[in-house]
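K.L.:
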Amino acid sequence: MLFLVKMDVAIPYDLDPAERTRLLAEERARARQLQRDGVWVHLWRVAGQYANYSVLDVASPDELHEVLWSLPLFPFMTIEVTALARHPSAI
2 MLFLVKMDVA
12 IPYDLDPAER
22 TRLLAEERAR
32 ARQLQRDGVW
42 VHLWRVAGQY
52 ANYSVLDVAS
62 PDELHEVLWS
72 LPLFPFMTIE
82 VTALARHPSA
92 I
């Protein structure tokens, strides 16, 4: 199942700089692993925002939930999810 996911990130300004650096490194590693695994099939930055639009390919909404919860920056995200279906005019 394909899902379009918008992730807006709002890391607190007063977060310890070392913790911020650690979280960002872990987030990058996790995102790259999910891409290599074929789960995170598209990742697009929203220009001018700390946000992205992504397409994730998972077996179920429950699996999507688990993937999103596994992201180190999840506690600092506002997430919008849209289920996708094939368009009859797509080639």
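Numbering (the numbering used here), first residue to last: 2 to 92.
Don't be surprised by glycine CBs; every beta carbon is placed ideally from N, CA and C.
Note the first and the last residue of the continuous beta strand (DSSP E) segment covering Leu16.
P.N.:
Segment: none, Leu16 is in no beta strand (DSSP E) and carries neither H nor E.
K.L.:
Counting along the chain, where does the alpha helix (DSSP H) carrying Asp63 start and finish?
P.N.:
Here the alpha helix (DSSP H) through Asp63 covers Pro62 to Trp70.
K.L.:
Ignore the nearest five residues each way along the sequence and tell me which others in Phe77's own chain have a CB closer than 6 Å to its CB.
P.N.:
Val10, Ala11 and Ile12, listed in sequence order.
K.L.:
How about Leu85 and Leu16: do their beta carbons lie closer than 8 Å?
P.N.:
No.
K.L.:
Please report the residue range of the beta strand (DSSP E) in which Met78 lies.
P.N.:
Segment Met78 to Leu85, the beta strand (DSSP E) holding Met78.
K.L.:
Just the Cα atoms here: how many angstroms apart are Ser71 and Ala48?
P.N.:
Approximately 25 Å, taken between the alpha carbons.
K.L.:
Suppose the cutoff is 7 Å on Cβ atoms and the five residues either side in sequence are ignored; what does the same chain contact list for Tyr54 look like?
P.N.:
Taken in chain order, the residues that qualify are Leu5, Lys7, Trp45 and Val47.
K.L.:
Could you tell me whether the Cβ atoms of Leu103 and Glu28 are closer together than 8 Å?
P.N.:
Examination of residue 103 is not possible in this model, given that the chain is present from 2 through 92 alone.
K.L.:
Distance check for Leu69 and Pro18, CA to CA, integer angstroms please.
P.N.:
Each residue's alpha carbon lies about 24 Å from the other.
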